[in-house]
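Data first, discussion second: the structure below is written as structure tokens.
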Amino acid sequence: MTDPEIYPITGDWTNASLDPRKYEDLYESAASSPGSFWLDQATKRLDWITAPTIGGDWSFAKADFHIKWFADGQLNVAANCIDRHLAKHGDTVAIIWEPDEPSEEPRRITYRQLHDEVGRFANVLKVHGVGKGDRVTLYMPMIPEAAYAALACARIGAIHSVVFGGFSADALAGRIEDCGSKIVITADEGRRGGKRIKLKACVDEAAARAPTLETVIVVKATGAEVAMGPRDIWYHEAAAGVGSDCPAETMAAEDPLFILYTSGSTGKPKGVLHTSAGYLLWADFTFKIAFDYKPGQVFWCAADIGWVTGHTYLLYGPLSNGGTTLMYEGLPTWPDASRIWQVVDRHKVHTLFTAPTALRALMKEGDDFVRRTDRSSLKLLGSVGEPINPEAWRWYHDVVGEGRAPIVDAWWQTETGGIMIAPLPGAVPMKPGSASKPLPGVVPQLVDDKGTVLTGAAQGNLCITQSWPGQMRGVWGDQDRFFQTYFTTYEGKYFTGDGCRRDGDGYYWITGRVDDVINVSGHRMGTAEVESALVLHEAVAEAAVVGMPHEVKGQGIYAYVTLNAGREGDEALRSALVAWVRQEIGPIASPDKLQFAPALPKTRSGKIMRRILRKIAEGDVTALGDTSTLADPAVIDDLVANRIV
Ligand code: 6R9
1 MTDPEIYPIT
11 GDWTNASLDP
21 RKYEDLYESA
31 ASSPGSFWLD
41 QATKRLDWIT
51 APTIGGDWSF
61 AKADFHIKWF
71 ADGQLNVAAN
81 CIDRHLAKHG
91 DTVAIIWEPD
101 EPSEEPRRIT
111 YRQLHDEVGR
121 FANVLKVHGV
131 GKGDRVTLYM
141 PMIPEAAYAA
151 LACARIGAIH
161 SVVFGGFSAD
171 ALAGRIEDCG
181 SKIVITADEG
191 RRGGKRIKLK
201 ACVDEAAARA
211 PTLETVIVVK
221 ATGAEVAMGP
231 RDIWYHEAAA
241 GVGSDCPAET
251 MAAEDPLFIL
261 YTSGSTGKPK
271 GVLHTSAGYL
281 LWADFTFKIA
291 FDYKPGQVFW
301 CAADIGWVTG
311 HTYLLYGPLS
321 NGGTTLMYEG
331 LPTWPDASRI
341 WQVVDRHKVH
351 TLFTAPTALR
361 ALMKEGDDFV
371 RRTDRSSLKL
381 LGSVGEPINP
391 EAWRWYHDVV
401 GEGRAPIVDA
411 WWQTETGGIM
421 IAPLPGAVPM
431 KPGSASKPLP
441 GVVPQLVDDK
451 GTVLTGAAQG
461 NLCITQSWPG
471 QMRGVWGDQD
481 RFFQTYFTTY
491 EGKYFTGDGC
501 RRDGDGYYWI
511 TGRVDDVINV
521 SGHRMGTAEV
531 ESALVLHEAV
541 AEAAVVGMPH
551 EVKGQGIYAY
561 VTLNAGREGD
571 EALRSALVAW
581 VRQEIGPIAS
591 PDKLQFAPAL
601 PKTRSGKIMR
611 RILRKIAEGD
621 VTALGDTSTL
631 ADPAVIDDLV
641 ANRIV
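Counting in UniProt numbering, the sequence shown tops out at residue 645, every number present.
What follows is the structure, given as structure tokens:
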């Protein structure tokens, strides 16, 4: 395969902290002695209560499966993100908060203020019985209190589980129950793009289905009237009764830090578990080297705190580095497509880290929205969440960054804790659309479907062969599922679920998921999750869901639905089913297309042939491949004839 253009390192970036040579050396030293390399990074980069003496201790083999890093060390993550910066940088702005409404004043929270706010929040949690190891669910808008709440958990050793505010009451209830959290932190309402999101009302609905829930702490964000019942507590009232002084709990390196639910190829989302020291080191280290971060620079991660990108690059990475992180409440395109660039100008943003889907939506609105802003502060760009198509890449590079800002196309996953493959600015020349080279400590490997290792230029399934500190440590409540999901497809290796090509220069090109996970606007969605929601509807007999190409979202959701006898597949039912999925999971899971089908293509053993459904959804109906194993090949004709275009 031929390689497209290569973008050399130019401008200020020829003086970056890393150059191609230093990158190679760093990669080499992490590869040759990972244990001492990471132990050295951990002791240098983090503040320990008890310094660790061991680095990685792990095995991906079935007989001896375990993953531990810095196991004899003790520290507190919140203290690393706040307290250690106070002496020298107490007055540095830790969080800049940009409100949804552009006419409102932004807020600037210094490290000293953050220390007080987090301490106060932690004390409120303690008063309400939260202690080390307890799970706390956050269902929050993008307001500073979301950061305070997460850090407050870390401070007292509670485990946070942030649930994206766009998930439905049902989805929220499932996640509260799965981790058995007794407490939820929410707000009266959230705001996004001029709209209000009724978070508290949603928690009330979820509470009816989540019997473990005892307490709901409500932050007054918009001041909307909300019903307060016996389990509900206003945060501002509780906060008035406590001080801001709260000692940081001593945590073992491997004590859990957070759970984050993510979609897999089965119906039920899994609670990905990250622990304290390894995750923090990965957040700290990758933030520093992937963005060559220098104190004083304003870093804007445009992801919601409900996703892993928000955890690692809005919160833990920047704060551990004593950086200034920008948190934006709203949408990049509201009130118009210039807003994102106006925010960049208003706060002199140095690095913007966003998703290809946002870029494609902005690109569609035309260059004028970009060109009418200054953007001279913007020196580095990041992309994450899905493969970036070269057209969007070039627009980002040429129009947004005016050719001076490199693009860090960062490949990673909820499971990896932080960035794994990315062109480090100044160190790795870029190719549009390629996540390029692995970070130090990351050892990728491509294998074919049989598990044979592929060398040189090749295309295959992406595995990682060595553990790294930021690796997830478990699936909450189901350690066996952790091993089964990630370490059995290719024995002894962590399997990412992604397909990938490596070119002749050793650059990695992620081609997308090879399992039943689709990536809608950079958000992971299991096809089985959407199917499970559909079949819960009384009219539905069977459902099959596949991804389809979508101009802005990257992938859209195409659902095939077979109805129960006597039900008519009309427009009213179609809208009702789409609304049903929104209600069951949330708006991000809404099918873009829903086709009623008298039957689904199945093999004689009853397996739905998704390969065919995918082709039909893609509109590629001339080459459906081998259909000879189908129980009833005639099914295909109807599917093709009634395809939704
Ligand atoms: C961080 C995050 C993970 C999946 C991953 C892959 C896709 C993420 C990407 C990318 C190509 C990139 N993905 N970054 N694909 N290039 N730069 O998104 O985590 O929500 O767990 O999704 O996203 O398919 O496997 P998560």
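Note that beta-carbon positions come from the ideal geometry of N, C-alpha and C, so glycine has one too.
Computed from a prediction, not measured in an experiment: that's the story for all the values here.
{"Item": "C-beta contact flag for Leu446 and Ala422 at 8 Å", "Value": "no"}
{"Item": "Nearest-angstrom Cβ-Cβ length linking Tyr293 and Gly470, presumed shorter than 8 Å", "Value": "About 17 Å separates the two Cβ atoms, so there is no contact after all."}
{"Item": "Inter-residue spacing [alpha-carbon to alpha-carbon] between Val163 and Phe258", "Value": "11 Å"}
{"Item": "Residue interval of the alpha helix (DSSP H) (run including Gly35)", "Value": "34-45"}
{"Item": "Limits of the unbroken alpha helix (DSSP H) element including Val343", "Value": "339-347"}
{"Item": "Close beta carbons around Phe167, own chain, < 6 Å, minus the five adjacent residues each side", "Value": "Gly586"}
{"Item": "Coarse secondary structure for Cys81, derived from DSSP in three states", "Value": "helix"}
{"Item": "From Phe369, Ala539, Trp13, Thr262, residue whose alpha carbon lies closest to that of Ala565", "Value": "Ala539"}
{"Item": "Secondary structure, beta strand (DSSP E): runs of 3+ residues fully inside the UniProt domain \"AMP-binding enzyme C-terminal\" (529-607)", "Value": "540-550, 554-563, 593-596"}
{"Item": "Outcome for Arg375 when other beta-carbon atoms lying within 10 angstroms are tallied against a minimum of 16", "Value": "buried"}
{"Item": "Ala634, DSSP secondary structure in three states", "Value": "helix"}
{"Item": "Contact set for Val443: own chain, Cβ-Cβ below 8 Å, skip 5 residues either direction", "Value": "Ala31, Ile464, Thr465, Gln466"}
{"Item": "Touching by the beta-carbon criterion (3+ pairs, under 8 Å), the segment 427-435 and the segment 16-33", "Value": "yes"}
{"Item": "Near the ligand 6R9: Val408 beta-carbon under 7 Å from a heavy atom", "Value": "no"}
{"Item": "Test item: CB-CB of Arg339 and Pro99 under 8 Å", "Value": "no"}
{"Item": "Ala435 CB to nearest heavy atom of the ligand 6R9 below 7 Å", "Value": "yes"}
{"Item": "Closer than 7 Å: Pro387 CB and nearest the ligand 6R9 heavy atom", "Value": "yes"}
{"Item": "Residues that Ala410 bridges to, as DSSP identifies them", "Value": "Val384"}
{"Item": "Limits of the unbroken beta strand (DSSP E) element including Glu254", "Value": "Counting along the chain, Glu254 falls outside any beta strand (DSSP E), and DSSP gives it neither H nor E."}
{"Item": "Leu439 - DSSP class collapsed to helix/strand/coil", "Value": "coil"}
{"Item": "Any non-hydrogen atom of the ligand 6R9 closer than 7 Å to Thr414 Cβ", "Value": "yes"}
{"Item": "Given 8 Å, three or more beta-carbon pairs between the segment 198-211 and the segment 168-179", "Value": "yes"}
{"Item": "Contact between the segment 142-162 and the segment 68-81 (3+ Cβ pairs under 8 Å)", "Value": "yes"}
{"Item": "Cut-off 6 Å between Cβ atoms - residues of its own chain near Thr324, not counting five sequence neighbours on either side", "Value": "Val93, Val298"}
{"Item": "Pairwise C-alpha distance: Ile54 and Ala358", "Value": "42 Å"}
{"Item": "Exposed unless 16 or more other CB atoms sit within 10 angstroms - verdict on Thr2", "Value": "Any reading at Thr2 needs caution, since the residue's pLDDT is 48, under 50, leaving its predicted position unreliable; the model's value is listed next. It is exposed - the Cβ of Thr2 has fewer than 16 other Cβ atoms within 10 Å."}
{"Item": "CA nearest to the CA of Glu5, picked from Glu402, Pro390, Leu114, Leu26", "Value": "Pro390"}
{"Item": "Bridge partners - Trp97, DSSP secondary structure assignment", "Value": "Arg107, Met327"}
{"Item": "Arg604, buried or exposed, once every other Cβ within 10 Å from all chains shown has been counted against 16", "Value": "exposed"}
{"Item": "Residues that DSSP places opposite His160 in a beta bridge", "Value": "Val136, Phe258"}
{"Item": "Gln555, buried or exposed, once every other Cβ within 10 Å from all chains shown has been counted against 16", "Value": "buried"}
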